[in-house]
């Protein structure tokens with residue numbers, strides 16, 4: 010489990026990366042309240058997102074600081090952090106899924122070409138009966 014602690018006035022934030030089941034969980038917490046949580050199947054993608062998430066928080070905390078004494082400002086700031094992380098998380102997933110979709114399309118096209126090539130040599134010597142059972 011990897012963790013990184015951040016402090017903004019009296020508020021303490023924790024970014025973490027841990028194994029969860031057959032995958033990995035990356036999250037960001039304020040005290041015991043979860044502000045962000047994302048799941049990954051591959052460790053490399055989880056680690057890459059963990060580092061991007063930490064960079065994003067460093068950017069947010071330097072550019073958009075808040076007065077930690079006001080409870081309203083803290084609640085708004087936490088909601089803002091959460092929404093920002095989810096926006097960047099889904100952008101990151103779109104990038105990852107695009108990579109997978111592209112490879113699946115390529116493999117499907119390759120398999121379809123091989124199937125059509127094999128299909129040319131098939132000869133139907135005896136007709137097979139075909140029936141569909143209705144449930």
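In our numbering, the protein residues as written are 10 to 144.
Each residue gets a CB set at the ideal place from its N, CA and C atoms; glycine is no exception.
Shortest alpha-carbon distance to residue 62 belongs to which of 52, 113, 36? Walking along the chain shown from the start, residue 62 turns up at place 53. When only C-alpha atoms are compared, the closest one is 36.
For residue 27: DSSP bridge partner residues: Start at 1 with the first residue of the chain shown, and residue 27 comes out as number 18. DSSP output for residue 27 lists 34 as bridge partner(s).
Looking at residue 188: is its Cβ nearer than 8 Å to the Cβ of residue 54? For the chain, the structure presents residues 10 to 144; residue 188 sits outside this window and is missing.
Residue 45 and residue 91: beta carbons closer than 8 Å? Looking up residue 45 in the chain shown gives position 36. Looking up residue 91 in the chain shown gives position 82. The Cβ atoms of residue 45 and residue 91 lie closer than 8 Å to each other.
For residue 113, does the count of other Cβ atoms within 10 angstroms reach 16, so buried, or fall short, so exposed? Along the chain shown, read from residue 1 onward, the residue named residue 113 stands at position 104. Residue 113 should be labelled exposed.
If you compare alpha carbons, which of 83, 10, 30 is closest to residue 18? As a working note, residue 18 is residue 9 in the chain shown. Here the closest residue by C-alpha is 83.
Using CA atoms only, rank isn't needed, just tell me which of 42, 100, 25 is closest to residue 33. As a first step, residue 33 must be located in the chain shown, where it is residue number 24. Out of 42, 100, 25, the CA that lies nearest to the CA of residue 33 is found in 25.
Taking residue 52 as part of the alpha helix (DSSP H), name the residues at either end of that continuous run. Locating residue 52 in the chain shown gives position 43, where the first residue counts as 1. Residue range 52-72 is occupied by the alpha helix (DSSP H) that includes residue 52.
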